[in-house]
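Okay, so here's the structure we're looking at.
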Amino acid sequence: MGVKKEYHRAGIGKKLFEKARDIARSEGFSFIQVKTVKMGMYDDYDRTNKFYISLGFKELEVFPTLWNEANPCQIYIMNVD
Numbered sequence: 045m046g047v048k049k050e051y052h053r054a055g056i057g058k059k060l061f062e063k064a065r066d067i068a069r070s071e072g073f074s075f076i077q078v079k080t081v082k083m084g085m086y087d088d089y090d091r092t093n094k095f096y097i098s099l100g101f102k103e104l105e106v107f108p109t110l111w112n113e114a115n116p117c118q119i120y121i122m123n124v125d
């Protein structure tokens, strides 16, 4: 899921996420997982990390070389119950 940069901070991403969470819940899933580049690597991805945290996601794990060393993979998770 993504929102074009010119539409950031308009509530679109939050609404998309809320709909995805509602669908996951109704389908019987317990968790939602998202992946992004680890905080501190790039400003754009730092904003993405902060967005996920603001939604209630918790840091689960970082895979330093899943994508490559310049883009360590941060995994966040959230319980949807």
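Adding 44 to a residue's 1-based position in the sequence shown gives its number in our numbering. Glycine is no exception: its CB is placed at the ideal position from the N, C-alpha and C atoms.
Tell me the DSSP secondary structure of residue i in three-state form.
| i | result |
| --- | --- |
| C49 | In the sequence on display, residue 49 carries Lys and not Cys. Looking at K49 - three-state DSSP - the assignment turns out to be helix. |
What are the partner residues of residue i, as DSSP defines its beta bridges?
| i | result |
| --- | --- |
| M122 | I76 |
Looking only at its own chain, which residues have a Cβ that is under 6 Å from the Cβ of residue i, when we skip the five neighbours before and after it?
| i | result |
| --- | --- |
| C117 | K79, F107, L110 and W111 |
Could you tell me the boundaries of the alpha helix (DSSP H) in which residue i lies?
| i | result |
| --- | --- |
| F61 | I56 to S70 |
| F95 | D87 to L99 |
Suppose you measure from the CA of residue i to the CA of residue j; what does that come to, to the nearest Å?
| i | j | result |
| --- | --- | --- |
| S70 | I76 | 13 Å |
| E103 | K48 | 24 Å |
How would you write the range of the beta strand (DSSP E) that residue i sits in, first residue to last?
| i | result |
| --- | --- |
| K102 | K102 to N112 |
Between which residues of its own chain and residue i is the CB-CB distance below 8 Å, once the five residues before and five after are set aside?
| i | result |
| --- | --- |
| M85 | A114, N115 and P116 |
| Y96 | V78, T80 and Y120 |
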